[in-house]
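Undergrad: Chain order of the listed sequences is A and B. Just so we're aligned: 116 in my numbering is position 116 of the first sequence, and the numbers increase by one with no gaps anywhere. Heads up: take any position in the second sequence, counting from 1, add 312, and you land on my numbering.
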Amino acid sequence: MAETLGKKKNYFILLFLAGGFIVYTVFLVVPILHAMFFSLFGGPGIIPKEFVGFKNYIQLFTTDIYSERFFNAFKNTVAFFLIVTFFQNVIGFFIAIMVTRKFSGNTFFRRISFLPTTLSVIVAGFLFTLILNPVWGIFDKFLEVVGLGFLVRPWLGTPSIALVVIAVVTSWQFLGTSIIFYTAGIDTINKEVLEAARIDGAGPLAEIRYIIFPSILPIVGIVTILIFIGDFTQFDIVYAMTSPYANPQYGTDLFGSLFYRAAFFPTGRGGWGMGMGATVATMIVLIVSIGVLILMMLFRMQSMGAKEEGNK
Amino acid sequence: MIKIKKGTTKTLLYVVLTIYALTIFYPIYLMITTSLKKNKEIFTSPYSLPQSFNLDNYVQLFKVSNYLTYFRNSILVTLTSLFIIVVLSSLISYVLAKYKFFGSRFLYFYFIAGLIVPIKLGTIGIIRIMISLKIFDTLAALIIVYAAMGIPFGVFVLTDFIRLIPEEFSNSARIDGCSEPKIFFKIILPLLRPALAAVVIINFIPIWNDFWFPLLLIRSDNARTIPIATALLFGQYETNFGLIFSVLAMASLPVIIFYLVLSRQFIKGLSAGALKG
Chain A
1 MAETLGKKKN YFILLFLAGG FIVYTVFLVV PILHAMFFSL FGGPGIIPKE FVGFKNYIQL
61 FTTDIYSERF FNAFKNTVAF FLIVTFFQNV IGFFIAIMVT RKFSGNTFFR RISFLPTTLS
121 VIVAGFLFTL ILNPVWGIFD KFLEVVGLGF LVRPWLGTPS IALVVIAVVT SWQFLGTSII
181 FYTAGIDTIN KEVLEAARID GAGPLAEIRY IIFPSILPIV GIVTILIFIG DFTQFDIVYA
241 MTSPYANPQY GTDLFGSLFY RAAFFPTGRG GWGMGMGATV ATMIVLIVSI GVLILMMLFR
301 MQSMGAKEEG NK
Chain B
313 MIKIKKGTTK TLLYVVLTIY ALTIFYPIYL MITTSLKKNK EIFTSPYSLP QSFNLDNYVQ
373 LFKVSNYLTY FRNSILVTLT SLFIIVVLSS LISYVLAKYK FFGSRFLYFY FIAGLIVPIK
433 LGTIGIIRIM ISLKIFDTLA ALIIVYAAMG IPFGVFVLTD FIRLIPEEFS NSARIDGCSE
493 PKIFFKIILP LLRPALAAVV IINFIPIWND FWFPLLLIRS DNARTIPIAT ALLFGQYETN
553 FGLIFSVLAM ASLPVIIFYL VLSRQFIKGL SAGALKG
């Protein structure tokens, strides 16, 4: 594999690496490190110049105006992530099983499942805001027609319901990704194994439990990690459906929208100054990286467990 | 007995999937039909098909905004950044996959670390860098940020792919006197095509639809892309339902059509991405 080259020829390696290295380092790595460094600065003005050490972090966790918002956003983000993960994994898994059965039209369903994902989150958010709009009332009228009129409520006006609504819209939009990922995994399962299981009398449920599920568990891991990274910085859906102020009463405030207000809004309109903004960003970077590592370990253990069980 | 059971499972399958398909199609159908209605009709008969094929909302949209500019900007930004991602990450991946040198393993992890670090969180720094490079509020700012955003995934997919290309290909070229860079351009690059397609497809949608960076890096109207223009128009004409539905439809139809035409390639590319992990 490895090549030994004359020293003269080595210059091209540097040349090949240089462009990508510079772009990636300057516009991704440096900005993240900048946030960490900048979080140690405070003082008046948009661009803080006074070195304050970990004072911003202490404030974030102990001063009510900051900690209240931060923990509220943390709680909401976790709930949002759990709802989206549930829908995308559970419904995604069952639809993937359905569209991998042999019947005419299965590729049609596969293809259209991805359609909502091609829309911009902003568009999906606005579209559902209009559909749920009480003045136009198209969704409420639909509920009345099918006899579920008693369910009608201000969908985006009650904190706990609004959070569920934006999570459901996000799941609607990205369900296609998990379906495509799972079908890709199911398609690679050896047909002979399934055939043999059927001959041995395994019903569809046993087939799902003992063959399909263990073999796509690594993909469940990937999907969950992707959702995790996406949701912990999700912003667009909040902006579109409940405004950057995460109405009502910060009930839909996620880390993404909190970071946006804290870092980029003027003080008095929800801004915390750029030093505090960088502190929030650094905390989210830490939470996301630690979370991803935990999820990776969890799914690696799970996959190994499933394999062992399969070998028994 | 078994046959009947098989029949019922199949019916159930169709019923469930049809309901699922309706949840996808109905909102999109609603968006398109409503955009073709007159404002009064939107409220009096919201569910029905439009009485006449009425393009007034679209005419108005093009009158009140520079929609063609936004469209052009979106295409320019997306294509240029995808091109840069493909070029830079295939060059990096070739070196990392085929040559071992001091720090090559570290470099690989350095590049793919970007997969788990959301670039959004570095936006304060990005704004300051863009200002000092004097490209704040230009399309160049968006292009370079998207390029940086796409490189980790590109390196991740392409390095694995290049490793699987048998050495014999390059060796026979070497015997023929090909230089190392030439081997990359003449032998490896053409073989990479399916993997490059996957990289382009997976990056296309997040870049085309990105709202965060134009929101924070773009100020002037003539540098706006479709998502930010959509949000601003939506806020500005909130009560004009016909117009805002045409805004939403205009933002989605090009991608929907593009996807429907290329859905086979999309699904292939995404599946390749899924199995790489």
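Beta carbons: idealized from backbone N, C-alpha and C, even for Gly.
(1) Mind pulling the chain B residues with CB within less than 7 Å of A:Gly157?
(2) Please compile the residues from chain A whose C-beta is within a distance smaller than 7 Å of the C-beta of B:Ile344.
(3) List the endpoints of the continuous alpha helix (DSSP H) containing A:Tyr57.
(4) Let me confirm a value: A:Met297 is counted as buried when at least 16 other C-beta atoms fall within 10 Å, else exposed. Which label applies?
(5) Using the beta-carbon count (16 or more within 10 Å), is B:Ile316 buried or exposed?
(6) Using a C-beta to C-beta distance shorter than 7 Å, which residues of chain A count as neighbours of B:Pro430?
(7) At which residues does the alpha helix (DSSP H) containing B:Ile487 begin and terminate?
(8) Could you tell me the distance, in whole angstroms, from the CA atom of B:Met313 to the CA atom of A:Thr117?
(9) Note down, in chain order, every chain A residue with its Cβ under 9 Å from the Cβ of B:Lys322.
(10) So that I know if they touch, is there some Cβ in chain B lying closer than 8 Å to that of A:Val152?
(11) If the cut is a Cβ gap below 7 Å, which residues of chain B does A:Gly20 touch?
(12) Counting only C-beta atoms, is B:Val511 closer than 8 Å to chain A at any point?
(13) Would A:Ile212 pass as a contact of A:Ile97 if the rule is Cβ separation under 8 Å?
(14) Between A:Tyr24 and chain B, is the shortest Cβ-Cβ distance under 8 Å, so that the two count as touching?
(15) Quick one, which residues of the segment 102-121 of chain A are near chain B if we go by CB-CB under 9 Å, in chain order?
(16) Taking a contact to mean a Cβ-Cβ separation below 8 Å, would you say A:Phe259 touches A:Val280 in this structure?
(17) Quick one, which of A:Ile237, A:His34, A:Asn56, A:Phe37 has its alpha-carbon nearest A:Gly43's?
(18) Is there a Cβ from chain A that is less than 8 Å from the Cβ of B:Tyr341?
(19) Would you check if the distance between the CB atom of B:Gly594 and the CB atom of B:Ile519 is smaller than 8 Å?
(20) In whole angstroms, give me the CA-to-CA distance for B:Ile441 and B:Thr450.
(21) Taking all protein chains shown into account, decide if A:Met301 is buried (16 or more other Cβ within 10 angstroms of its Cβ) or exposed.
(22) For A:Gly275, collect the residues of the same chain with a Cβ closer than 7 Å to its Cβ; drop the 5 residues on either side in sequence, then sort them by chain order.
(23) Could you give the distance in angstroms between the alpha-carbon of A:Met1 and the alpha-carbon of B:Asn483?
(24) Could you give the distance in angstroms between the alpha-carbon of B:Phe525 and the alpha-carbon of B:Asp533?
(25) Compare the C-beta of A:Phe213 against all C-beta atoms of chain B and say whether one is closer than 8 Å.
(26) Flag this pair as yes or no: are the beta carbons of B:Asn552 and B:Pro539 separated by less than 8 Å?
(27) Are B:Lys580 and B:Asp472 touching if we call contact CB-CB under 8 Å?
(28) Could you list which residues in chain A have their beta carbon closer than 7 Å to that of B:Val407, in chain order?
(29) Identify, in the order they occur along the chain, each residue of the same chain with its Cβ nearer than 8 Å to the Cβ of B:Ala584, setting aside the five sequence neighbours on each side.
(30) Work out the CA separation of A:Val169 and A:Ala162 for me, nearest whole Å.
(31) DSSP puts A:Glu50 in a beta bridge; with which residues?
(32) With a threshold of 8 Å between beta-carbons, can A:Ile222 be considered close to chain B, or not?
(33) Could you tell me which chain A residues have their CB closer than 7 Å to the CB of B:Ser583, listed as they occur along the chain?
(34) Would you please state the rounded distance, in angstroms, between the beta carbons of A:Ala35 and B:Gly415? I believe it to be under 8 Å.
(35) So the alpha helix (DSSP H) A:Val314 belongs to, where does it begin and stop?
TA: So, from the listed chains and residues:
(1) The contact set of A:Gly157 on chain B, defined by CB atoms closer than 7 Å, is empty, because the minimum CB distance reaches about 17 Å.
(2) Taking the beta carbon of B:Ile344 as reference, no residue of chain A falls within 7 Å; the closest one sits roughly 11 Å away.
(3) 55-62 is the span of the alpha helix (DSSP H), which, as asked, contains A:Tyr57.
(4) Around the beta carbon of A:Met297, fewer than 16 other beta carbons sit within 10 angstroms, so the residue counts as exposed.
(5) Because B:Ile316 carries a pLDDT of 46, less than 50, the predicted location of this residue cannot be relied on, and no value is offered for it.
(6) By Cβ distance, chain A contributes Ile229, Thr233, Val288.
(7) 479-487 is the span of the alpha helix (DSSP H), which, as asked, contains B:Ile487.
(8) Because the pLDDT of B:Met313 is 34, which lies under 50, any placement of that residue in the model is unreliable, and the number read from its coordinates should be weighed accordingly. C-alpha separation (whole angstroms): 41 Å.
(9) What B:Lys322 touches in chain A: Arg101, Phe103.
(10) It does not; no Cβ of chain B falls within 8 Å.
(11) Result: Leu400, Ser401, Leu403, Ile404, Ile463.
(12) So no, B:Val511 is outside the interface.
(13) With respect to A:Ile97, A:Ile212 sits close: the two C-beta atoms are nearer than 8 Å.
(14) With its beta carbon less than 8 Å from one in chain B, A:Tyr24 belongs to the interface.
(15) If the cut-off is 9 Å between Cβ atoms, the segment 102-121 of chain A has Phe103, Gly105, Asn106, Thr107, Phe108, Phe109, Arg110, Arg111, Ile112, Ser113, Phe114, Leu115, Pro116, Thr117, Thr118, Leu119, Ser120, Val121 near chain B.
(16) Contact: yes.
(17) The shortest Cα separation from A:Gly43 among A:Ile237, A:His34, A:Asn56, A:Phe37 belongs to A:Asn56.
(18) Not a single C-beta of chain A is nearer than 8 Å to the C-beta of B:Tyr341.
(19) With chain B running from 313 to 589 in the structure shown, residue 594 of chain B is simply not present.
(20) Distance between the alpha carbons of B:Ile441 and B:Thr450 is about 13 Å.
(21) By the C-beta density criterion, A:Met301 is exposed, having fewer than 16 other C-beta atoms within 10 angstroms.
(22) Counting only residues of its own chain and dropping the five nearest sequence neighbours on each side, A:Gly275 has a CB closer than 7 Å to the CB of Phe38, Ser39, Phe41, Gly42, Pro48, Asn56.
(23) For A:Met1, the pLDDT reaches just 41, beneath the cut-off of 50, and the residue's location in the model is therefore unreliable, leaving the point undetermined.
(24) If you take the alpha carbons of B:Phe525 and B:Asp533, they lie about 15 Å apart.
(25) Residue-level contact check: A:Phe213 does not touch chain B, since none of the beta carbons of chain B fall below 8 Å from its beta carbon.
(26) By the CB criterion at 8 Å, B:Asn552 and B:Pro539 fall outside the cutoff.
(27) No. Outside cutoff.
(28) Within 7 Å Cβ-Cβ: Ile13, Phe16, Leu17.
(29) Taking B:Ala584 as the centre and dropping the five residues before and after it, the same chain places the C-beta of Val469, Pro506, Ala507, Ala510 closer than 8 Å to its C-beta, in chain order.
(30) Roughly 11 Å separates the two Cα atoms.
(31) In the DSSP output, where bridge partners are listed per residue, A:Glu50 has A:Gly42.
(32) Interface residue, yes.
(33) For B:Ser583, the chain A residues whose Cβ falls inside 7 Å of its Cβ are Ile180, Ala184, in order along the chain.
(34) Contact doesn't hold; Cβ gap of about 26 Å is too wide.
(35) The structure shown does not extend to residue 314 of chain A, since chain A spans only 1 to 312, so no value can be given for it.
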